[in-house]
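Take a look at the structure set out below.
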Amino acid sequence: MSSQAPLVFIMAAGLGTRMKSETPKVLHRVAGRPMLHWVVAAARAAGAQRVIAILGHRADAVKAALDASFGAGAVEVVLQPEQRGTGHAVQCALPAVQGEPDDRIVAILTGDAPLLAGERVAELIAAAEASPAGMALLSTVPPRPMPYGRLVRDAHGRLEKIVEHADATEEQRRLRDTNAGFYAIRLGDLRRDLAKLRADNAKGELYLTDLVAHAYLRGGATALDAPFTEVAGINDRVDLAGVETEARRRINEAWMRVGVTMIDPATTYIDADVGPLGRDVWLAPHVTLRGKTQLGDGVRIDTGAVLTDVQVAENGYIKPYSMLSESVVGPRAEVGPFTHCRPATRIDEDARLGNFVETKKTHVMAGAKANHLAYLGDASVGAKANIGAGTITCNYNGFEKFKTTIEAGAFIGSDSQLVAPVTVGRDSYVGAGTTVTKDVPRGALALTRVKQVNVEGWAERFREAQAKRKQKPNGDH
Ligand code: UD1
Ligand code: MG
């Protein structure tokens, strides 16, 4: 047994040509997370002491993404300047572990297979430690023919070698067990055998899989069978969508097991970093929860809502087709239908935002209401204030943004404009149709309407005059 935590290499230098993308393959997202981050997370869950990513294609972008999610330098990076095969990739990583003792186990993972669980990596490492050959790998039986390496066994069933698809005979291609592309091996054996690799094969590459033939001389590597859904690699966008579906299935199942109701899990989209979700959270069909969204107990999210980095406290209710980003919703607050909360919206307990209300950088305090058609930007709305239909905070003069303060209990009549910077005092009224350009004192009524004029009998006279014009022959129209 090796006494130290394992080292993990992640091979991620490949071009990903079949993705046909500007984005490096390993940065394509699965359930909101770059696929490489899933692999790093699995390595860490397996107790890895050092995680070393082997990068090549667009290495700078990949390193920046790793630093952004795990902290600068937390995942070490080595460069494989030219992609000359998986064996060559691992050769490029050896200098980084020069000081490590020969008895350490190294797990070698591929960066494009994000569904591998940490426990599986731990099992793989334990199998390598237990193996006389000091090596283990994951095998899998794909549900449809895949161009994977085939596991060739000797008459005693010992693993003799791996033959790559491109190099395999027809007979070898009929072998069921294939190489999933994950390995664990003692560092001393890795150092010695990597130096012996030769590119005498169909692709002219250094194949990491040739290590298996060397392990055979020590008694044979151990193959652990893993379900294909766990080890499936991503080569193109069809694979990506398949893995996304499987990731979503797992995420949804895990949430349902802890007390979340989903009317239709097949159309419920929850990113990997979402959570916690409380007990008795209720999710209607076509709900999307992204980023670091968190939901308290009893929260209901209705059809078509999209929440990105949003926290909703207990018993909050987001009604259909609402879109919220970087916002906080308090207990029992109700939002929607068709509400748009842009970043830095804060809605306190029992407050309500209704249809076609848009907010940005706005704090709506306890029990306040804006039930219809309003824009509230750079504003604070005091407790129990009422915002009438068609109210607009005019927060922007084309150059700068200004703040509107509506104090507690204020009543803003419909179709009012509040030209910021401006304060509407506590318990005051703003008459419907008012354009507020000066502060409104506490308890006052602000009114800017032109006085109404009623002209008696005007309508009838107007209609008659119009009717006469029409009857006139050759009348002008
Ligand atoms: C590899 C295995 C094959 C296995 C299959 C499972 C070899 C020779 N073959 O084939 O037995 O069935 O995975 O998916 O290993 N990479 C580098 N540098 C390189 C080449 C590849 O970092 O020079 C990385 C790739 O980015 C990728 C991984 O290694 O993450 C696997 O490479 P890929 O070219 O996809 O190997 P396969 O042909 O799929
Ligand atoms: Mg591959």
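All residue numbers for the sequence shown refer to this note's numbering, where the first residue is 2 and numbers rise by one. For every residue, glycine included, the Cβ atom is placed at its ideal position computed from N, Cα and C. Here the structure is a predicted model, which is why all the values come from computation and not from measurement.
Which residue wins for smallest C-alpha separation from Glu-83, given the options Met-147, Gly-72 and Leu-16?
Taking the first residue of the sequence shown as 1, we reach residue 83 at position 82. For Glu-83, the closest alpha carbon among the candidates Met-147, Gly-72 and Leu-16 is that of Leu-16.
Any non-hydrogen atom of ligand 1 closer than 7 Å to Gly-205 Cβ
Within the sequence shown, residue 205 is the residue found at index 204, counting from 1. For ligand 1, not one heavy atom lies less than 7 Å from the Cβ of Gly-205.
Coarse secondary structure for Asn-316, derived from DSSP in three states
Within the sequence shown, numbered from 1, the residue matching residue 316 stands at position 315. Of the three classes helix, strand and coil, the one that applies to Asn-316 here is coil, per DSSP.
Classify Ala-491: buried if its beta carbon has 16 or more other beta carbons within 10 angstroms, exposed otherwise.
Missing from the structure shown is residue 491; the chain here goes from 2 to 478 and no further.
Residues sharing a beta bridge with Arg-34, DSSP:
Locating residue 34 in the sequence shown gives position 33, counting from the first residue. Looking at the DSSP assignment, Arg-34 forms a beta bridge with Val-31.
Whole angstroms is fine: what's the gap from Asp-211's alpha carbon to Ala-314's?
Counting from 1 along the sequence shown, the entry for residue 211 is found at position 210. Counting from 1 along the sequence shown, the entry for residue 314 is found at position 313. A straight line joining the alpha-carbon of Asp-211 with that of Ala-314 spans about 55 Å.
Given this structure, state the Cα-to-Cα distance separating Gly-331 from Val-420, to the nearest angstrom.
Here residue 331 refers to the residue found at position 330 when the sequence shown is read from its first residue. Here residue 420 refers to the residue found at position 419 when the sequence shown is read from its first residue. Taking the straight line from one Cα to the other gives about 28 Å.
Using the three-state DSSP reduction, which class does Asp-416 fall into: helix, strand or coil?
Here residue 416 refers to the residue found at position 415 when the sequence shown is read from its first residue. Looking at Asp-416 - three-state DSSP - the assignment turns out to be coil, as it is neither helix nor strand.
Let me check one thing: in DSSP terms, what residues is Tyr-376 bridge-paired to?
For the purposes of this step, residue 376 is taken as the residue at position 375 of the sequence shown. Answer is Glu-359 and Ile-393, bridged to Tyr-376.
Suppose you measure from the CA of Lys-452 to the CA of Ala-445; what does that come to, to the nearest Å?
Numbered from 1 along the sequence shown, position 451 holds the residue referred to as residue 452. Numbered from 1 along the sequence shown, position 444 holds the residue referred to as residue 445. Each residue's CA atom was taken as its position, placing Lys-452 and Ala-445 some 19 Å apart.
With Gly-234 as the anchor, note down where its alpha helix (DSSP H) starts and where it stops.
As a working note, residue 234 is residue 233 in the sequence shown. Here Gly-234 belongs to no alpha helix (DSSP H), and DSSP marks it neither H nor E.
Taking Asn-180 as the reference, give the member of Glu-161, Arg-187 and Leu-195 with the closest Cα.
Along the sequence shown, one-based indexing puts residue 180 at 179. Looking at the Cα atoms, Glu-161 is the closest of the given residues.
With the cut-off set at 8 Å, would you say Ala-367 and Ala-352 are in Cβ contact?
Along the sequence shown, one-based indexing puts residue 367 at 366. Along the sequence shown, one-based indexing puts residue 352 at 351. In this structure, Ala-352 lies closer than 8 Å to Ala-367 by Cβ.
Report yes if the C-beta distance between Val-31 and Glu-245 is below 8 Å; otherwise report no.
If you number the sequence shown from 1, residue 31 lands on position 30. If you number the sequence shown from 1, residue 245 lands on position 244. Their beta carbons are under 8 Å apart, which means Val-31 touches Glu-245 by this criterion.
At what residues does the beta strand (DSSP E) containing Phe-403 begin and finish?
Numbered from its first residue, the sequence shown carries residue 403 at position 402. First-last for Phe-403: undefined, no H or E at that position.
Do Asn-202 and ligand 2 come close, with the Cβ less than 7 Å from some heavy atom?
Walking along the sequence shown from the start, residue 202 turns up at place 201. Not under cutoff, so the answer is no.
Inspect the beta-carbon positions of Ala-1 and Arg-219 and report whether they are closer than 8 Å.
Any answer about residue 1 is impossible in this case: the structure gives the chain only from 2 up to 478.
When you compare only the Cα positions, how much space is there between Asp-61 and Thr-24?
If you number the sequence shown from 1, residue 61 lands on position 60. If you number the sequence shown from 1, residue 24 lands on position 23. The straight-line gap separating the alpha-carbon atoms of Asp-61 and Thr-24 is approximately 12 Å.
For ligand 1, any of its heavy atoms closer than 7 Å to the Cβ of His-89?
Position 88 of the sequence shown holds residue 89. Ligand 1 approaches His-89 closely enough that one of its heavy atoms is under 7 Å from the residue's Cβ.
For the pair the region 86-95 and the region 64-76, tell me if three or more CB-CB distances fall below 8 Å.
Touching, no.
Is any heavy atom of ligand 1 found at a distance shorter than 7 Å from the C-beta of Thr-209?
Numbered from 1 along the sequence shown, position 208 holds the residue referred to as residue 209. The question names Thr, but residue 209 is Leu in the sequence shown. It does: the Cβ of Leu-209 is within 7 Å (strictly closer) of some heavy atom of ligand 1.
Does the region 68-79 come into contact with the region 140-160, if we say contact requires no fewer than three beta-carbon pairs (one atom in each stretch) closer than 8 Å?
Because the criterion of three Cβ pairs below 8 Å is not met, the region 68-79 and the region 140-160 do not touch.
With DSSP collapsed to three states, give me the class of Tyr-217.
Walking along the sequence shown from the start, residue 217 turns up at place 216. Here Tyr-217 sits in helix by DSSP.
In whole angstroms, what separates the C-alpha of Met-2 from that of Arg-105?
Mapped onto the sequence shown, residue 2 falls at position 1. Mapped onto the sequence shown, residue 105 falls at position 104. Low confidence applies here, because Met-2 scores a pLDDT of 46, under 50, leaving its location unreliable; read the following figure in that light. When the Cα atoms are used, Met-2 and Arg-105 turn out to be separated by approximately 9 Å.
In whole angstroms, what is the alpha-carbon distance linking Gln-312 and Cys-395?
As a position in the sequence shown, residue 312 is number 311, starting the count at 1. As a position in the sequence shown, residue 395 is number 394, starting the count at 1. Gln-312 and Cys-395: Cα-Cα distance of roughly 27 Å.
Bridge partner(s) assigned by DSSP for Cys-342:
Along the sequence shown, one-based indexing puts residue 342 at 341. Beta-bridge pairing links Cys-342 to Leu-325 and Thr-360.
With three or more beta-carbon pairs closer than 8 Å as the criterion, would you say the region 157-171 touches the region 118-126?
Contact between the region 157-171 and the region 118-126 is absent, because fewer than three Cβ pairs lie under 8 Å.
Any non-hydrogen atom of ligand 1 closer than 7 Å to Gln-81 Cβ
What you label residue 81 is simply residue 80 of the sequence shown in a count that begins at 1. In terms of side-chain proximity, the C-beta atom of Gln-81 is found nearer than 7 Å to a non-hydrogen atom of ligand 1.
Buried or exposed, going by whether 16 or more other CB atoms sit within 10 Å of the CB of Pro-102?
To locate residue 102, count along the sequence shown from 1; it is residue 101. Pro-102 counts as exposed, since fewer than 16 other beta carbons sit within 10 angstroms of its beta carbon.
Buried or exposed: which applies to Gln-99, given that a residue is buried once 16 or more other Cβ atoms fall within 10 Å of its Cβ?
Against the sequence shown, residue 99 aligns to sequence position 98. Exposed, because fewer than 16 other Cβ atoms sit within 10 Å of the Cβ of Gln-99.
Quick check on this structure: which residue in Asp-226, Ala-433, Phe-412 and Ile-407 has the alpha carbon closest to the alpha carbon of Val-423?
Residue mapping note: residue 423 aligns to position 422 of the sequence shown, counting from 1. Of all alpha-carbon atoms in Asp-226, Ala-433, Phe-412 and Ile-407, the one lying nearest the alpha-carbon of Val-423 is that of Ile-407.
Assuming Asp-349 contacts Val-365 under a Cβ cut-off of 8 Å, what Cβ separation, rounded to an integer in Å, is found between them?
By one-based count along the sequence shown, residue 349 stands at place 348. By one-based count along the sequence shown, residue 365 stands at place 364. At roughly 7 Å, the Cβ-Cβ gap stays under 8 Å, so Asp-349 and Val-365 are in contact.
DSSP on Ala-13, reduced to helix/strand/coil?
Counted from its first residue, the sequence shown places residue 13 at position 12. In the structure shown, Ala-13 sits in a strand (DSSP, three-state: E or B).
Report the partner residues of Leu-354 according to the DSSP bridge assignment.
As a first step, residue 354 is located in the sequence shown; it is residue number 353 there, counting from the start. Beta-bridge annotation (DSSP): Leu-354 is paired with Val-336 and Ala-371.
Taking Asp-1 as part of the alpha helix (DSSP H), name the residues at either end of that continuous run.
The chain is shown from 2 up to 478; residue 1 falls before or after that span and cannot be answered.
Compare the C-alpha of Glu-327 against each of Thr-309, Leu-37 and Leu-290 and name the closest.
Walking along the sequence shown from the start, residue 327 turns up at place 326. Residue Thr-309 is the option with its Cα nearest to Glu-327.
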